[in-house]
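Below is one structure, written out as C-alpha coordinates; the observations come after it.
What follows is the structure in C-alpha coordinates.
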(Lines of atoms letter the chains of each structure in order from A; the text may use other names.)
(Lines give C-alpha, C1' and ligand atoms only; values in the text may rest on other atoms or scores of the structure.)
Protein backbone atom coordinates (compact mmCIF):
# COMPACT_ATOMS: atom_id res chain seq x y z
CA UNK A 3 0.00 0.00 0.00
CA UNK A 4 1.37 3.41 -0.97
CA UNK A 5 0.82 6.20 1.56
CA UNK A 6 2.54 9.29 2.94
CA UNK A 7 4.00 8.28 6.36
CA UNK A 8 3.86 11.83 7.76
CA UNK A 9 0.05 11.74 7.47
CA UNK A 10 -0.26 9.05 10.14
CA UNK A 11 2.94 9.48 12.13
CA UNK A 12 0.86 11.57 14.52
CA UNK A 13 -2.95 11.81 14.99
CA UNK A 14 -4.93 14.21 12.76
CA UNK A 15 -6.40 16.95 14.99
CA UNK A 16 -3.22 19.03 15.23
CA UNK A 17 -2.76 18.78 11.47
CA UNK A 18 -6.35 19.90 10.95
CA UNK A 19 -5.93 22.89 13.29
CA UNK A 20 -2.71 23.96 11.57
CA UNK A 21 -4.31 23.41 8.17
CA UNK A 22 -7.07 25.84 9.14
CA UNK A 23 -4.52 28.53 9.99
CA UNK A 24 -2.60 27.94 6.75
CA UNK A 25 -5.82 28.08 4.72
CA UNK A 26 -6.99 31.27 6.42
CA UNK A 27 -3.73 33.20 6.70
CA UNK A 28 -1.25 31.51 4.37
CA UNK A 29 1.65 29.17 5.09
CA UNK A 30 3.48 30.96 7.87
CA UNK A 31 4.92 29.65 11.14
CA UNK A 32 3.53 32.53 13.21
CA UNK A 33 -0.06 31.24 13.27
CA UNK A 34 0.65 27.75 14.68
CA UNK A 35 2.68 29.51 17.35
CA UNK A 36 -0.27 31.75 18.16
CA UNK A 37 -2.42 28.64 18.46
CA UNK A 38 -0.02 27.11 21.00
CA UNK A 39 0.05 30.42 22.87
CA UNK A 40 -3.75 30.26 23.11
CA UNK A 41 -3.52 26.70 24.47
CA UNK A 42 -0.93 27.92 26.99
CA UNK A 43 -3.20 30.72 28.25
CA UNK A 44 -6.30 28.52 28.34
CA UNK A 45 -4.37 25.97 30.36
CA UNK A 46 -3.71 28.59 33.03
CA UNK A 47 -7.41 29.55 33.01
CA UNK A 48 -8.51 25.95 33.56
CA UNK A 49 -5.90 25.37 36.24
CA UNK A 50 -7.37 28.38 38.03
CA UNK A 51 -10.88 26.95 37.68
CA UNK A 52 -9.76 23.49 38.81
CA UNK A 53 -8.04 24.68 41.98
CA UNK A 54 -10.94 27.05 42.67
CA UNK A 55 -13.29 24.05 42.88
CA UNK A 56 -11.82 23.33 46.33
CA UNK A 57 -9.85 26.39 47.39
CA UNK A 58 -10.13 30.16 47.50
CA UNK A 59 -9.43 32.42 44.52
CA UNK A 60 -6.02 33.51 45.85
CA UNK A 61 -4.74 29.92 45.82
CA UNK A 62 -6.17 29.38 42.34
CA UNK A 63 -4.55 32.59 41.07
CA UNK A 64 -1.25 31.51 42.56
CA UNK A 65 -1.47 28.16 40.78
CA UNK A 66 -2.31 29.70 37.40
CA UNK A 67 0.56 32.18 37.71
CA UNK A 68 3.06 29.49 38.70
CA UNK A 69 2.12 27.49 35.62
CA UNK A 70 2.39 30.48 33.27
CA UNK A 71 5.95 31.27 34.26
CA UNK A 72 7.54 27.88 34.92
CA UNK A 73 10.64 27.94 32.67
CA UNK A 74 9.86 24.96 30.41
CA UNK A 75 6.20 25.94 30.00
CA UNK A 76 7.20 29.52 29.25
CA UNK A 77 9.76 28.37 26.68
CA UNK A 78 7.32 26.15 24.76
CA UNK A 79 4.49 28.69 24.83
CA UNK A 80 5.82 30.52 21.76
CA UNK A 81 6.83 27.47 19.72
CA UNK A 82 4.77 25.68 17.08
CA UNK A 83 5.42 22.40 18.92
CA UNK A 84 2.36 20.50 20.20
CA UNK A 85 3.35 20.46 23.89
CA UNK A 86 1.19 23.36 25.10
CA UNK A 87 -1.88 21.86 23.45
CA UNK A 88 -1.18 18.48 25.03
CA UNK A 89 -1.06 19.97 28.53
CA UNK A 90 -4.23 21.95 27.80
CA UNK A 91 -6.13 18.73 27.08
CA UNK A 92 -4.79 17.13 30.27
CA UNK A 93 -5.87 20.11 32.38
CA UNK A 94 -9.30 20.67 30.81
CA UNK A 95 -10.12 16.95 31.08
CA UNK A 96 -9.00 17.04 34.72
CA UNK A 97 -11.24 20.03 35.45
CA UNK A 98 -14.44 18.51 34.10
CA UNK A 99 -13.73 15.10 35.60
CA UNK A 100 -12.98 16.49 39.07
CA UNK A 101 -16.09 18.68 38.85
CA UNK A 102 -18.10 15.57 37.96
CA UNK A 103 -16.73 13.73 41.01
CA UNK A 104 -17.60 16.76 43.14
CA UNK A 105 -21.07 17.58 41.73
CA UNK A 106 -22.18 14.31 40.03
CA UNK A 107 -23.35 16.10 36.87
CA UNK A 108 -23.40 13.59 34.00
CA UNK A 109 -22.93 16.40 31.48
CA UNK A 110 -19.42 16.93 32.84
CA UNK A 111 -18.59 13.25 32.41
CA UNK A 112 -19.95 13.26 28.86
CA UNK A 113 -17.72 16.24 28.12
CA UNK A 114 -14.77 14.36 29.63
CA UNK A 115 -15.37 11.45 27.25
CA UNK A 116 -15.56 13.82 24.29
CA UNK A 117 -12.38 15.67 25.29
CA UNK A 118 -10.42 12.45 25.82
CA UNK A 119 -11.37 11.27 22.33
CA UNK A 120 -10.48 14.59 20.69
CA UNK A 121 -7.37 14.95 22.85
CA UNK A 122 -6.07 11.53 21.80
CA UNK A 123 -6.51 12.52 18.16
CA UNK A 124 -4.39 15.58 18.98
CA UNK A 125 -1.62 13.69 20.80
CA UNK A 126 -1.56 10.01 21.73
CA UNK A 127 -0.43 10.36 25.40
CA UNK A 128 -3.90 11.74 26.16
CA UNK A 129 -5.02 8.08 26.11
CA UNK A 130 -3.62 7.86 29.63
CA UNK A 131 -6.28 10.33 30.76
CA UNK A 132 -8.88 7.67 29.95
CA UNK A 133 -7.00 5.15 32.11
CA UNK A 134 -6.57 7.68 34.94
CA UNK A 135 -10.22 8.75 34.91
CA UNK A 136 -11.50 5.17 34.57
CA UNK A 137 -9.50 3.87 37.54
CA UNK A 138 -10.28 6.95 39.64
CA UNK A 139 -13.99 6.61 38.84
CA UNK A 140 -14.00 2.95 39.93
CA UNK A 141 -12.21 3.88 43.17
CA UNK A 142 -14.76 6.65 43.77
CA UNK A 143 -17.66 4.24 43.21
CA UNK A 144 -16.14 1.69 45.59
CA UNK A 145 -15.77 4.40 48.22
CA UNK A 146 -19.41 5.44 47.73
CA UNK A 147 -20.60 1.79 47.58
CA UNK A 148 -22.11 2.45 44.18
CA UNK A 149 -20.59 -0.23 41.95
CA UNK A 150 -24.02 -1.59 41.00
CA UNK A 151 -24.52 1.28 38.52
CA UNK A 152 -22.28 1.13 35.45
CA UNK A 153 -23.77 4.07 33.55
CA UNK A 154 -20.86 6.37 34.37
CA UNK A 155 -18.27 3.84 33.19
CA UNK A 156 -20.25 3.42 29.98
CA UNK A 157 -20.33 7.18 29.41
CA UNK A 158 -16.59 7.44 29.95
CA UNK A 159 -16.00 4.52 27.57
CA UNK A 160 -17.54 6.55 24.74
CA UNK A 161 -14.14 8.20 24.44
CA UNK A 162 -12.82 4.95 22.95
CA UNK A 163 -14.97 5.34 19.83
CA UNK A 164 -12.43 7.59 18.02
CA UNK A 165 -9.43 6.12 19.86
CA UNK A 166 -9.61 2.44 18.89
CA UNK A 167 -9.68 2.93 15.08
CA UNK A 168 -6.68 5.25 15.21
CA UNK A 169 -4.76 2.86 17.49
CA UNK A 170 -5.27 0.07 14.96
CA UNK A 171 -4.18 2.31 12.09
CA UNK A 172 -1.17 3.55 14.04
CA UNK A 173 -0.16 0.03 15.05
CA UNK A 174 0.22 -1.14 11.46
CA UNK A 175 1.21 1.99 9.55
CA UNK A 176 3.05 4.36 11.93
CA UNK A 177 6.63 3.78 13.05
CA UNK A 178 6.27 6.11 16.06
CA UNK A 179 4.70 3.97 18.78
CA UNK A 180 5.38 3.88 22.50
CA UNK A 181 6.89 0.87 24.22
CA UNK A 182 7.62 -0.47 27.69
CA UNK A 183 11.31 -0.67 28.60
CA UNK A 184 11.57 -2.50 31.93
CA UNK A 185 15.33 -1.90 32.01
CA UNK A 186 14.54 1.74 32.77
CA UNK A 187 13.40 0.66 36.25
CA UNK A 188 16.21 -1.67 37.24
CA UNK A 189 19.03 0.59 38.46
CA UNK A 190 19.61 3.83 40.31
CA UNK A 191 21.13 5.46 37.24
CA UNK A 192 18.17 4.52 35.02
CA UNK A 193 15.51 6.92 33.78
CA UNK A 194 13.32 6.39 36.84
CA UNK A 195 15.86 8.54 38.71
CA UNK A 196 17.22 10.72 35.91
CA UNK A 197 13.79 12.02 34.98
CA UNK A 198 13.24 13.26 38.51
CA UNK A 199 16.63 14.94 38.42
CA UNK A 200 15.57 16.50 35.12
CA UNK A 201 12.71 18.15 36.98
CA UNK A 202 15.15 19.71 39.42
CA UNK A 203 17.34 21.03 36.62
CA UNK A 204 14.39 22.71 34.89
CA UNK A 205 12.43 24.00 37.87
CA UNK A 206 15.44 25.62 39.58
CA UNK A 207 16.67 24.36 42.93
CA UNK A 208 14.36 26.63 44.92
CA UNK A 209 11.17 25.62 43.12
CA UNK A 210 12.15 21.95 43.15
CA UNK A 211 12.72 21.98 46.92
CA UNK A 212 9.34 23.67 47.39
CA UNK A 213 7.73 20.99 45.22
CA UNK A 214 9.30 18.15 47.23
CA UNK A 215 8.11 19.78 50.46
CA UNK A 216 4.66 20.24 48.94
CA UNK A 217 4.44 16.48 48.30
CA UNK A 218 4.89 15.78 52.02
CA UNK A 219 2.48 18.57 52.92
CA UNK A 220 -0.24 17.29 50.59
CA UNK A 221 0.19 13.68 51.70
CA UNK A 222 -0.09 14.63 55.37
CA UNK A 223 -2.68 17.43 55.38
CA UNK A 224 -4.42 17.93 52.02
CA UNK A 225 -5.73 14.57 50.84
CA UNK A 226 -8.90 15.28 48.86
CA UNK A 227 -10.30 14.65 45.39
CA UNK A 228 -8.16 17.38 43.82
CA UNK A 229 -4.82 16.31 45.25
CA UNK A 230 -5.47 12.57 44.96
CA UNK A 231 -6.40 12.93 41.30
CA UNK A 232 -3.38 15.04 40.39
CA UNK A 233 -1.10 12.84 42.46
CA UNK A 234 -2.36 9.78 40.57
CA UNK A 235 -1.98 11.68 37.29
CA UNK A 236 1.67 12.42 38.13
CA UNK A 237 2.40 8.76 38.93
CA UNK A 238 0.80 7.42 35.74
CA UNK A 239 2.50 9.91 33.43
CA UNK A 240 5.81 9.47 35.21
CA UNK A 241 5.61 5.71 34.67
CA UNK A 242 4.73 6.31 31.01
CA UNK A 243 7.62 8.71 30.37
CA UNK A 244 10.15 6.57 32.21
CA UNK A 245 9.04 3.33 30.56
CA UNK A 246 9.12 4.66 26.99
CA UNK A 247 12.31 4.32 25.00
CA UNK A 248 12.22 7.99 23.98
CA UNK A 249 15.04 10.41 24.74
CA UNK A 250 15.11 12.49 27.89
CA UNK A 251 13.49 15.81 27.09
CA UNK A 252 12.14 18.78 29.06
CA UNK A 253 9.15 18.66 26.71
CA UNK A 254 8.12 15.30 28.15
CA UNK A 255 8.51 16.60 31.69
CA UNK A 256 5.73 19.12 30.97
CA UNK A 257 3.30 16.23 31.53
CA UNK A 258 4.08 16.53 35.25
CA UNK A 259 3.62 20.29 35.49
CA UNK A 260 -0.14 20.38 36.21
CA UNK A 261 0.50 18.32 39.34
CA UNK A 262 3.53 20.40 40.27
CA UNK A 263 1.47 23.57 39.88
CA UNK A 264 -1.41 22.33 42.05
CA UNK A 265 0.84 21.05 44.83
CA UNK A 266 2.99 24.18 44.87
CA UNK A 267 -0.03 26.49 45.02
CA UNK A 268 -1.48 24.66 48.04
CA UNK A 269 1.83 24.54 49.90
CA UNK A 270 2.77 28.17 49.27
CA UNK A 271 -0.76 29.31 50.18
CA UNK A 272 -0.39 27.52 53.50
CA UNK A 273 2.91 29.29 54.13
CA UNK A 274 1.22 32.62 53.40
CA UNK A 275 -1.59 31.80 55.85
CA UNK A 276 0.93 31.04 58.57
CA UNK A 277 2.52 34.48 58.14
CA UNK A 278 -0.78 36.15 59.18
CA UNK A 279 -0.09 39.55 57.64
CA UNK A 280 -2.74 41.21 55.51
CA UNK A 281 -0.29 41.96 52.67
CA UNK A 282 1.47 38.58 52.83
CA UNK A 283 -0.27 37.19 49.74
CA UNK A 284 0.50 40.22 47.58
CA UNK A 285 4.14 40.28 48.63
CA UNK A 286 4.68 36.52 48.15
CA UNK A 287 2.82 36.59 44.84
CA UNK A 288 4.99 39.42 43.51
CA UNK A 289 8.23 37.81 44.71
CA UNK A 290 7.35 34.38 43.31
CA UNK A 291 6.13 35.53 39.89
CA UNK A 292 9.06 37.94 39.51
CA UNK A 293 11.50 35.15 40.34
CA UNK A 294 9.86 32.78 37.85
CA UNK A 295 9.79 35.40 35.09
CA UNK A 296 13.48 36.15 35.63
CA UNK A 297 14.66 32.52 35.54
CA UNK A 298 12.42 31.85 32.52
CA UNK A 299 13.81 34.77 30.54
CA UNK A 300 17.54 34.88 31.20
CA UNK A 301 20.30 32.66 29.85
CA UNK A 302 20.11 29.05 31.11
CA UNK A 303 21.30 28.41 34.66
CA UNK A 304 22.92 25.14 33.52
CA UNK A 305 23.28 22.98 30.40
CA UNK A 306 19.92 21.29 30.93
CA UNK A 307 17.96 24.32 32.13
CA UNK A 308 15.51 25.32 29.41
CA UNK A 309 14.53 28.96 28.94
CA UNK A 310 13.42 31.10 26.01
CA UNK A 311 17.07 32.14 25.68
CA UNK A 312 18.28 28.56 25.31
CA UNK A 313 20.57 28.09 22.28
CA UNK A 314 18.79 24.90 21.28
CA UNK A 315 15.61 26.87 20.64
CA UNK A 316 17.16 29.67 18.62
CA UNK A 317 16.18 29.94 15.01
CA UNK A 318 18.01 28.27 12.17
CA UNK A 319 18.02 29.88 8.72
CA UNK A 320 15.74 27.15 7.36
CA UNK A 321 13.76 29.57 5.21
CA UNK A 322 16.80 30.83 3.31
CA UNK A 323 18.18 27.31 2.95
CA UNK A 324 14.93 25.99 1.51
CA UNK A 325 14.74 28.94 -0.88
CA UNK A 326 18.17 27.82 -2.12
CA UNK A 327 16.78 24.31 -2.61
CA UNK A 328 13.92 25.67 -4.67
CA UNK A 329 16.28 27.62 -6.94
CA UNK A 330 19.17 25.15 -7.25
CA UNK A 331 18.01 21.54 -6.92
CA UNK A 332 16.96 20.70 -10.46
CA UNK A 333 14.67 18.04 -11.85
CA UNK A 334 16.24 14.61 -11.45
CA UNK A 335 18.37 15.78 -8.48
CA UNK A 336 17.71 15.13 -4.82
CA UNK A 337 18.84 16.78 -1.58
CA UNK A 338 19.19 14.84 1.66
CA UNK A 339 18.15 17.00 4.64
CA UNK A 340 19.46 15.74 7.99
CA UNK A 341 17.51 16.99 11.03
CA UNK A 342 16.35 20.23 9.42
CA UNK A 343 13.58 21.86 11.43
CA UNK A 344 10.31 22.15 9.47
CA UNK A 345 11.78 20.90 6.19
CA UNK A 346 8.40 19.59 5.09
CA UNK A 347 6.72 22.86 6.07
CA UNK A 348 9.06 24.88 3.85
CA UNK A 349 8.80 22.31 1.08
CA UNK A 350 5.07 23.01 0.90
CA UNK A 351 5.51 26.75 1.35
CA UNK A 352 7.88 27.01 -1.62
CA UNK A 353 6.08 24.35 -3.69
CA UNK A 354 9.21 22.19 -4.00
CA UNK A 355 8.74 18.85 -5.71
CA UNK A 356 8.48 16.15 -3.04
CA UNK A 357 10.82 13.88 -5.01
CA UNK A 358 13.65 16.41 -4.71
CA UNK A 359 13.86 16.20 -0.89
CA UNK A 360 14.80 13.20 1.24
CA UNK A 361 14.21 14.26 4.84
CA UNK A 362 15.89 12.33 7.69
CA UNK A 363 14.79 13.32 11.17
CA UNK A 364 14.78 10.71 13.94
CA UNK A 365 16.89 7.63 13.33
CA UNK A 366 20.24 8.33 11.68
CA UNK A 367 21.83 4.91 12.19
CA UNK A 368 21.85 4.32 8.45
CA UNK A 369 23.84 7.54 7.99
CA UNK A 370 25.91 7.48 11.17
CA UNK A 371 29.25 6.64 9.53
CA UNK A 372 31.00 8.15 6.50
CA UNK A 373 30.74 4.81 4.69
CA UNK A 374 27.04 4.52 5.52
CA UNK A 375 26.35 8.07 4.35
CA UNK A 376 28.21 7.57 1.07
CA UNK A 377 26.42 4.29 0.43
CA UNK A 378 23.05 5.90 1.11
CA UNK A 379 23.75 8.83 -1.21
CA UNK A 380 24.83 6.50 -4.00
CA UNK A 381 21.89 4.14 -3.58
CA UNK A 382 19.30 6.94 -3.48
CA UNK A 383 20.83 9.20 -6.14
CA UNK A 384 21.45 12.06 -3.68
CA UNK A 385 23.07 15.14 -5.23
CA UNK A 386 23.22 17.40 -2.14
CA UNK A 387 23.31 17.04 1.64
CA UNK A 388 21.89 19.72 3.96
CA UNK A 389 22.47 19.71 7.72
CA UNK A 390 22.41 22.12 10.71
CA UNK A 391 25.37 23.03 12.87
CA UNK A 392 25.58 25.08 16.08
CA UNK A 393 27.29 25.14 19.48
CA UNK A 394 24.59 22.70 20.68
CA UNK A 395 25.51 19.99 18.20
CA UNK A 396 28.82 18.85 19.76
CA UNK A 397 26.59 17.38 22.50
CA UNK A 398 24.16 15.89 20.01
CA UNK A 399 23.79 12.15 19.45
CA UNK A 400 24.35 12.89 15.74
CA UNK A 401 27.47 15.01 16.23
CA UNK A 402 29.92 12.50 14.70
CA UNK A 403 28.38 12.42 11.23
CA UNK A 404 27.72 16.16 11.24
CA UNK A 405 31.33 16.85 12.19
CA UNK A 406 32.50 14.52 9.43
CA UNK A 407 30.48 16.45 6.86
CA UNK A 408 31.65 19.82 8.16
CA UNK A 409 35.32 18.82 8.17
CA UNK A 410 35.26 16.94 4.86
CA UNK A 411 37.22 19.34 2.69
CA UNK A 412 37.33 18.67 -1.03
CA UNK A 413 36.63 14.97 -0.64
CA UNK A 414 33.43 13.18 -1.43
CA UNK A 415 31.40 16.22 -0.30
CA UNK A 416 32.02 19.85 -1.29
CA UNK A 417 30.37 22.82 0.45
CA UNK A 418 28.28 24.92 -1.94
CA UNK A 419 26.21 27.08 0.44
CA UNK A 420 26.06 28.22 4.05
CA UNK A 421 23.38 30.22 5.84
CA UNK A 422 23.70 31.69 9.34
CA UNK A 423 21.66 33.20 12.14
CA UNK A 424 23.95 34.15 15.00
CA UNK A 425 25.88 30.96 15.87
CA UNK A 426 23.41 28.63 14.15
CA UNK A 427 24.18 27.50 10.61
CA UNK A 428 22.74 25.37 7.86
CA UNK A 429 25.34 23.95 5.49
CA UNK A 430 24.73 22.47 2.05
CA UNK A 431 27.26 20.13 0.45
CA UNK A 432 27.29 18.73 -3.07
CA UNK A 433 28.14 15.08 -3.48
CA UNK A 434 31.06 14.45 -5.81
CA UNK A 435 31.45 11.14 -7.60
CA UNK A 436 30.95 8.49 -4.91
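In my numbering, the protein residues as written are 3 to 436.
Glycine included, each C-beta is placed from N, C-alpha and C at the ideal position.
Given 8 Å, three or more beta-carbon pairs between the segment 71-80 and the segment 111-129: No: the two stretches stay apart, fewer than three of their Cβ pairs being nearer than 8 Å.
Beta-carbon proximity list for residue 415, same chain, < 8 Å, skipping 5 on both sides: Here the set comprises 387, 407, 431, 432, 433 and 434.
Any 3 or more C-beta pairs closer than 8 Å across the segment 255-263 and the segment 238-246: Enough Cβ pairs lie closer than 8 Å, so yes.
Contact the segment 122-137 vs the segment 80-100: 3+ CB pairs below 8 Å: Contact between the segment 122-137 and the segment 80-100 is present: three or more C-beta pairs spanning the two stretches fall below 8 Å.
Length of the line joining the Cα atoms of residue 420 and residue 37: C-alpha separation (whole angstroms): 32 Å.
The segment 62-72 touching the segment 280-291, judged by at least three CB pairs closer than 8 Å: Touching, yes, given that three or more Cβ pairs across the two stretches are closer than 8 Å.
Residue span of the alpha helix (DSSP H) that contains residue 299, given as start and end: Per DSSP, residue 299 belongs to the alpha helix (DSSP H) from 282-299.
Spatial distance of residue 146 from residue 115 (CA atoms): Spanning the alpha carbons of residue 146 and residue 115 requires a straight line of approximately 22 Å.
Alpha helix (DSSP H) runs wholly inside the segment 321-395, at least 4 long, in chain order: Unbroken alpha helix (DSSP H) stretches of 4 residues or longer found wholly inside the segment 321-395: 345-351 and 372-381, given in chain order.
Beta-carbon gap between residue 357 and residue 345 smaller than 7 Å: No, the pair does not count as a contact, with Cβ atoms beyond the cut-off.
Residue range of the alpha helix (DSSP H) that includes residue 416: Element bounds for residue 416: not the alpha helix (DSSP H) but the beta strand (DSSP E), 415-423.
Of the listed residues 216, 158 and 200, nearest to residue 254 (C-alpha basis): The shortest Cα separation from residue 254 among 216, 158 and 200 belongs to 200.
Unbroken beta strand (DSSP E) run spanning residue 67, endpoints: Run containing residue 67: none in the beta strand (DSSP E); it sits in the alpha helix (DSSP H), 59-71.
Closest by C-alpha distance to residue 113, when choosing among 323, 161 and 293: Of the listed residues, the one whose Cα sits closest to residue 113 is 161.
Residue 29 - DSSP class collapsed to helix/strand/coil: Reduced to three states, the DSSP call for residue 29 is coil.
Where residue 431 sits in the DSSP three-state scheme: Note: residue 431 maps to strand in three-state DSSP.
Inter-stretch contact (C-beta, 8 Å, three-pair minimum) for the segment 127-140 and the segment 21-38: Contact check between the segment 127-140 and the segment 21-38: fewer than three CB pairs, one atom from each, fall below 8 Å, which does not count as touching.
The alpha helix (DSSP H) enclosing residue 141, as first and last residue numbers: Where residue 141 is concerned, the enclosing alpha helix (DSSP H) stretches over 129-145.
Beta-carbon gap between residue 48 and residue 97 smaller than 7 Å: The answer is yes: Cβ separation under 7 Å.
Distance, residue 374 Cα to residue 3 Cα: With a pLDDT of 49 at residue 3, under the threshold of 50, the predicted position of this residue should be treated as unreliable, and no value is reported.
Buried/exposed call for residue 418, threshold 16 Cβ in 10 Å: Here residue 418 is exposed: its Cβ has fewer than 16 other Cβ atoms, across all protein chains shown, within 10 Å.
Assigned secondary structure, residue 426 (DSSP; H/G/I helix, E/B strand, else coil): Annotated three-state conformation of residue 426 is strand, per DSSP.
Cβ-based burial, residue 152 [other Cβ within 10 Å; buried from 16]: Residue 152 comes out exposed.
Opening and closing residue of the alpha helix (DSSP H) in which residue 252 lies: Segment 252-255, the alpha helix (DSSP H) holding residue 252.
Cβ-Cβ distance between residue 298 and residue 71 below 7 Å: In contact: residue 298 and residue 71 (Cβ atoms closer than 7 Å).
Of the listed residues 353, 196, 293 and 342, nearest to residue 329 (C-alpha basis): When C-alpha distances from residue 329 are compared across 353, 196, 293 and 342, the shortest belongs to 353.
Beta-carbon spacing of residue 216, residue 210 below 7 Å: Annotated as distal: residue 216 and residue 210, with beta-carbon spacing of 7 Å or more.
Three-state class that DSSP yields for residue 258 in the structure shown: Residue 258 carries a helical assignment under DSSP once its states are collapsed to helix, strand and coil.
Beta-carbon proximity check, residue 74 vs residue 252, cutoff 7 Å: A distance below 7 Å separates the beta carbons of residue 74 and residue 252.
Span separating the alpha-carbon of residue 318 from that of residue 208: So the two alpha carbons sit approximately 33 Å from each other.
Short Cβ contact (7 Å threshold) for residue 42 with residue 263: Between residue 42 and residue 263, the CB-CB gap reaches or exceeds 7 Å.
First and last residue of the uninterrupted alpha helix (DSSP H) at residue 82: Note, residue 82: premise wrong, no alpha helix (DSSP H); not H, not E.
Per-residue DSSP class, three states only, for residue 225: In the structure shown, residue 225 sits in coil (DSSP, three-state: anything other than H, G, I, E or B).
Sub-7 Å separation of residue 378 and residue 429 beta-carbons: The answer is no: Cβ separation not under 7 Å.
Own chain, CB closer than 7 Å to residue 267, minus 5 neighbours either side, in chain order: Taken in chain order, the residues that qualify are 53, 61, 64, 65 and 68.
For residue 17, three-class secondary structure by DSSP: Reduced to three states, the DSSP call for residue 17 is helix.
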